[in-house]
């Protein structure tokens, strides 16, 4: 079996776990951080799928800009989501 | 019980999607075969033999984005431009220069950020300038440079933009200069046609069957791929300063914005 497929499965699973954690987390700052970790694992997935152009735009947007925009937004509202 | 239900549905979804995409071949045959369209693009991106079909750039993605489907990308850039005009409209009347104060994060974080910012700028410029040779391009480089604005706003506070001499109007001017440069490259063939009477096409990069017009593909024996390097650099300006505007506005404190716009807090 191709080793890159094993890595692909590993990073996809990490992405899936952190997506789940980001969805169920009530503390929005933590949820944003989980989402950024999910994005980091997807960067590896996209690189393994041989899409370096997408990696270069996905990395700054989803790990840098998007969490920053969400954190600014959380700063303007409330940090903890209530039932 | 709820967690158990989530776990089971994740496993089920994974199995079903894996089955559909592999055994049922929902995405077409998966394998090492290169599809016909991909072969065509790979053959034509840099091919001086087929002069009237090639984009003269070894980077297939940039060739597709700025040459084969260039008008699409042009309109994407315009959409991005309009989105930031919307953001500027929401924050209209807010004077950025009157904002002072804010201390930023600790000394350690500030020093590390100070070291990271020049590296970030260098990477952004290299991604833009090599966009026609290696993976990357204008949008990618713009997004990388935009991270600098986030770093500044978070580690040095919003007032650091003023200290560095980056004002909203300057950012708007630079972004507009980027879009104007794109327009200049797009309309140059038409102007050339009007002046000389040679048949040309809008956004033309290299020679076509019935048109001998071409942007210079080499400068001092370096491949610059005609319009691609200019479009990448112009897009770099437009995108990076577009994001700069967004993060400069977002990093303003809510109370300051409300005070300046003159809106009463109803909550």
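Residue numbers (the working numbering), protein chains in the order written: chain P, 1 to 83; chain U, 1001 to 1267. Yeah, the Cβ is synthetic: ideal placement off N, Cα and C, and Gly gets one too. Just so we're clear, the structure is a prediction, and the values are computed from it rather than from any experiment.
ask   = Does any residue of chain P bring its CB to less than 8 Å from the CB of residue 1250/U?
value = yes
request  = Spell out whether any CB of chain P is found under 8 Å from the CB atom of residue 1139/U.
outcome  = yes
ask   = Does any C-beta atom of chain U lie closer than 8 Å to the C-beta of residue 64/P?
value = yes
query = If you draw a straight line from the C-alpha of residue 1187/U to the C-alpha of residue 1200/U, how long is it?
reply = 10 Å
task = In the DSSP assignment, find the unbroken alpha helix (DSSP H) run with residue 1188/U in it and report its ends.
result = 1168-1196
inquiry  = Considering only their Cβ atoms, is the gap separating residue 1245/U from residue 1088/U smaller than 8 Å?
reply    = yes
task = Provide the residue span of the alpha helix (DSSP H) that contains residue 144/P, from first to last.
result = With chain P represented from 1 up to 83, any question about residue 144/P goes unanswered, as that position is not in the structure.
key: Buried or exposed by the 16-neighbour rule on C-beta atoms within 10 Å, applied to residue 1212/U   = exposed
ask   = If you run the structure through DSSP and keep just helix, strand and coil, what is residue 27/P?
value = strand
message = Measuring alpha carbon to alpha carbon, tell me which residue in 1142/U, 1160/U and 1216/U is nearest residue 1227/U.
response = 1216/U
message = Taking 7 Å as the limit between beta carbons, can you name the residues of its chain near residue 1127/U, skipping five residues before and five after?
response = 1136, 1140, 1141 and 1144
inquiry  = Is there a Cβ of chain U sitting closer than 8 Å to that of residue 32/P, yes or no?
reply    = no
message = Measuring straight from C-alpha to C-alpha, what distance separates residue 1024/U and residue 1014/U?
response = 14 Å
message = Any beta carbon of chain P sitting closer than 8 Å to that of residue 944/U?
response = This structure leaves residue 944/U out entirely; chain U is present only between 1001 and 1267.
ask   = Does the Cβ of residue 58/P have 16 or more other Cβ atoms within 10 Å, making it buried, or fewer, making it exposed?
value = buried
Test: residue 80/P CB closer than 8 Å to a CB of chain U = no
key: Residue of 1002/U, 1059/U and 1050/U minimising C-alpha distance to residue 1207/U   = 1050/U
ask   = residue 1211/U by DSSP, collapsed to three states: which one?
value = strand
task = Output the distance between the C-alpha atoms of residue 1133/U and residue 1080/U, rounded to the nearest integer angstrom.
result = 25 Å
Residue 8/P versus residue 1020/U - alpha carbon distance = 18 Å
message = Can you pull the chain U neighbours of residue 16/P, defined as C-beta to C-beta under 9 Å?
response = 1010 and 1014
query = Does the beta-carbon distance from residue 1247/U to residue 1150/U come in below 8 Å?
reply = yes
request  = For chain U, find out if any of its Cβ atoms is closer than 8 Å to the Cβ of residue 76/P; answer yes or no.
outcome  = yes
request  = On the DSSP bridge assignment, give the partners of residue 1222/U in chain order.
outcome  = 1219/U
query = Residues in its own chain within less than 7 Å of residue 4/P by CB, not counting five upstream and five downstream?
reply = 48
ask   = Touch check for the stretch 16-35 of chain P and the stretch 63-77 of chain P: three-plus C-beta pairs under 8 Å?
value = yes
key: Pick from 1106/U, 1219/U and 1076/U that is closest to residue 1138/U, judged by C-alpha positions   = 1076/U
Local Cβ density within 10 Å of residue 1235/U, reported as buried at 16 or more and exposed below that = buried
task = For the alpha helix (DSSP H) holding residue 1230/U, just list the boundary residues, first then last.
result = 1227-1250
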